[in-house]
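Have a look at the structure below before the remarks.
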Amino acid sequence: MNIAIPIFPGSNCDHDTEHVFGTVLGANVHSVWHKETSIGTPDMVIIPGGFSYGDYLRTGAIARFSPIMESIQDFAKKGGPVIGICNGFQILLEAGLLPGVMLHNENLRFICKSVHLKVEAGNQSHFTQGLDPEQTFKIPISHGEGNYRIDDDGLKSLEDHQQIVFRYVNELGELDPEANVNGATAAIAGICNRQGNVLGLMPHPERAAEPQLGNADGRQLLDAFLQAVDVTV
Amino acid sequence: MFQASVHVTLRPSILDPKGKASEQALHQLGLKAIQDVRIGKLITMNVEAATEEEANKKVEEACQKLLANDVMEDVEIEMKRVAHDTSQ
Numbered sequence: 013m014n015i016a017i018p019i020f021p022g023s024n025c026d027h028d029t030e031h032v033f034g035t036v037l038g039a040n041v042h043s044v045w046h047k048e049t050s051i052g053t054p055d056m057v058i059i060p061g062g063f064s065y066g067d068y069l070r071t072g073a074i075a076r077f078s079p080i081m082e083s084i085q086d087f088a089k090k091g092g093p094v095i096g097i098c099n100g101f102q103i104l105l106e107a108g109l110l111p112g113v114m115l116h117n118e119n120l121r122f123i124c125k126s127v128h129l130k131v132e133a134g135n136q137s138h139f140t141q142g143l144d145p146e147q148t149f150k151i152p153i154s155h156g157e158g159n160y161r162i163d164d165d166g167l168k169s170l171e172d173h174q175q176i177v178f179r180y181v182n183e184l185g186e187l188d189p190e191a192n193v194n195g196a197t198a199a200i201a202g203i204c205n206r207q208g209n210v211l212g213l214m215p216h217p218e219r220a221a222e223p224q225l226g227n228a229d230g231r232q233l234l235d236a237f238l239q240a241v242d243v244t245v
Numbered sequence: 009m010f011q012a013s014v015h016v017t018l019r020p021s022i023l024d025p026k027g028k029a030s031e032q033a034l035h036q037l038g039l040k041a042i043q044d045v046r047i048g049k050l051i052t053m054n055v056e057a058a059t060e061e062e063a064n065k066k067v068e069e070a071c072q073k074l075l076a077n078d079v080m081e082d083v084e085i086e087m088k089r090v091a092h093d094t095s096q
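These protein sequences, in sequence, are chains Z and L.
For the first sequence, the working numbering assigns the number 13 to the initial residue and increments by one for each residue that follows.
For the second sequence, the working numbering assigns the number 9 to the initial residue and increments by one for each residue that follows.
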C-alpha cells in the first residue's frame, strides 16, 4: 500500500499522518512537496490538516492552485482514492472535488476537543463500508472553520446520492443540536463525492489511533479506509 | 493602468457570525440604531489594461477563479483609471 501525502506551506498534520499510516498501520508513505507537478502512482492520497497558506483569502483557497493539485485532481477523477482531513477537506471543497463550503464555527471560536461521530448508514463512500453505522466513535476535532454549508438543493442532492458519510452526534449516538459543535448544516462532519472515491472529513482520526494517546477510536476508521483501498487496488 | 477595489461580502442568505457578534457589541455600547452589520473583505489591485472594459473582465476572472467563492460570497468591483496610463 503506497500512500502519498502532499504538503503545503502551513500544513501541520503531515507528520502525524505519516506516523500513523506509516509506523502504526504499516503502509508505505511518502510526502510530496506542493511544488511538485506529479503525485506519482500511489494507491491513495491523503491531504493532511493544517493551515495551508495561513488560511489567507479562504481556507484551502490558495492551496487548491498549488502545482501538485492538478495531478491530485487527475488522480481523483480517474477514481483514485483521496481523503482530505480537516484543512485537506477544505482544500477538496475549494478544488471542487467535493460540494459546499466551510464557514467560521457558529460560536466564532476555534474548537479543539473530542466529539462523537456516527457513520451514515448506506453512504456511498468506498472508505467506510467496513464500519458499523450503529457504532459511535469518539474523535478529536481542531478547527476554526468547520461549519459546513451547502444550499437546500445541494443538501438534497447529497442526501439523494448518499454522500453524507459522517455526522456529529452526542455520546449516546443521537443527533443533537448541542453535539453539532460548529453549527454545520445537517450536523455534517464528512462527505464523499458521488463516485465515493473522494472523502473529506473535519475530525482527525489520525490523532486518536494509538492507545498510548488515550483514545484509539480513530484506528478503526483508518483501518477501514486502508482495507477499502486494499480491496479495490 | 486601472486600480480596482474588490468588495467581497458573504451572501445575504449566509449567516455572518463576525457581523452578528460585532452588531451585538455595538448594541451593548448603546448604538442600537445600527442594524444588519455584515463584515467582508476589501481587496485592491492595479490592472494593466487598455480599456476599463478589459480591466473589468480581468478582475472578474480573478474573482471567479480565486478571490471569491460564489457559493457563499458576493462581489462588487469598483474601477478607476490611474496614472502611468499606457493606453494613450
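C-beta atoms are modelled at their ideal positions from N, C-alpha and C, and glycine is treated no differently.
Computed from a prediction, not measured in an experiment: that's the story for all the values here.
As computed with DSSP, PRO18 of chain Z is found in a beta bridge with Z:VAL44.
Remark: C-beta atoms of GLU106 of chain Z and ARG70 of chain Z approach each other more closely than 8 Å. Taking the Cα positions, ASN192 of chain Z is about 13 Å away from GLY202 of chain Z.
At least one C-beta of chain L is nearer than 8 Å to the C-beta of VAL113 of chain Z. Residue state for THR148 of chain Z is assigned as strand, using DSSP reduced to three classes. Around ASN77 of chain L, the beta-carbon contacts reaching into chain Z at under 8 Å are ARG70, ALA73, GLU106 and VAL113.
If you ignore the 5 residues before and after TYR68 of chain Z, its C-beta comes within less than 7 Å of the C-beta of ILE74, all in its own chain and listed in chain order. For VAL44 of chain Z, the closest C-alpha among the options Z:VAL131, Z:ASP165, Z:VAL36 and Z:PRO54 is that of Z:PRO54. Counting only residues of its own chain and dropping the five nearest sequence neighbours on each side, THR49 of chain Z has a CB closer than 8 Å to the CB of PRO79, ILE80, GLU82 and SER83. Distances from the CA of PHE77 of chain Z to each of Z:HIS46, Z:ASN117 and Z:ASP26 were compared; the closest alpha carbon is that of Z:HIS46.
With fewer than 16 other Cβ atoms from the protein chains shown falling within 10 Å of its own Cβ, PHE122 of chain Z counts as exposed. DSSP places HIS35 of chain L in the uninterrupted alpha helix (DSSP H) bounded by 25-36. By alpha-carbon distance to SER21 of chain L, the top candidate from L:ARG89, L:ASP82 and L:LEU50 is L:ASP82. Distance between PHE20 of chain Z and PHE237 of chain Z, taken at the CA atoms: about 23 Å. Closer than 9 Å at the C-beta level to chain L, one finds no residue of the stretch 124-136 of chain Z. Beta-bridge annotation (DSSP): ILE58 of chain Z is paired with Z:ILE95.
In this structure, ASN77 of chain L places its C-beta atom within 8 Å of the C-beta atom of VAL113 of chain Z. Using a 10 angstroms sphere on the CB of GLU218 of chain Z, the tally of other CB atoms reaches 16 or more, which defines it as buried. DSSP places THR29 of chain Z in the uninterrupted alpha helix (DSSP H) bounded by 26-30. For ASN182 of chain Z against ASN117 of chain Z, the beta-carbon gap comes to about 18 Å, at or over 8 Å, which does not count as contact.
Following the DSSP letters along the chain, one finds ILE80 of chain Z inside the alpha helix (DSSP H) bounded by residues 79-89. For chain Z, the residues of the stretch 59-87 of chain L that bring a beta carbon within less than 9 Å of one of its beta carbons are LYS73, LEU74, LEU75, ALA76, ASN77, VAL79, MET80 and GLU81, in chain order. Taking the Cα positions, ALA220 of chain Z is about 16 Å away from LEU143 of chain Z. Remark: C-beta atoms of PHE33 of chain Z and MET214 of chain Z do not approach each other more closely than 8 Å.
Taken atom to atom, the span from the alpha-carbon of VAL90 of chain L to that of PHE63 of chain Z is near 36 Å. If you draw a 10 Å sphere on the C-beta of HIS128 of chain Z, you find 16 or more other C-beta atoms in it, and that means buried. Inter-segment contact for the stretch 219-233 of chain Z and the stretch 24-42 of chain Z is present: three or more beta-carbon pairs are separated by less than 8 Å. In the three-state reduction of the DSSP assignment, VAL36 of chain Z falls in the helix class, which pools H, G and I. With fewer than 16 other Cβ atoms inside 10 Å of its own Cβ, ALA33 of chain L counts as exposed.
The Cβ atoms of PRO18 of chain Z and MET56 of chain Z do not sit closer than 8 Å to each other.
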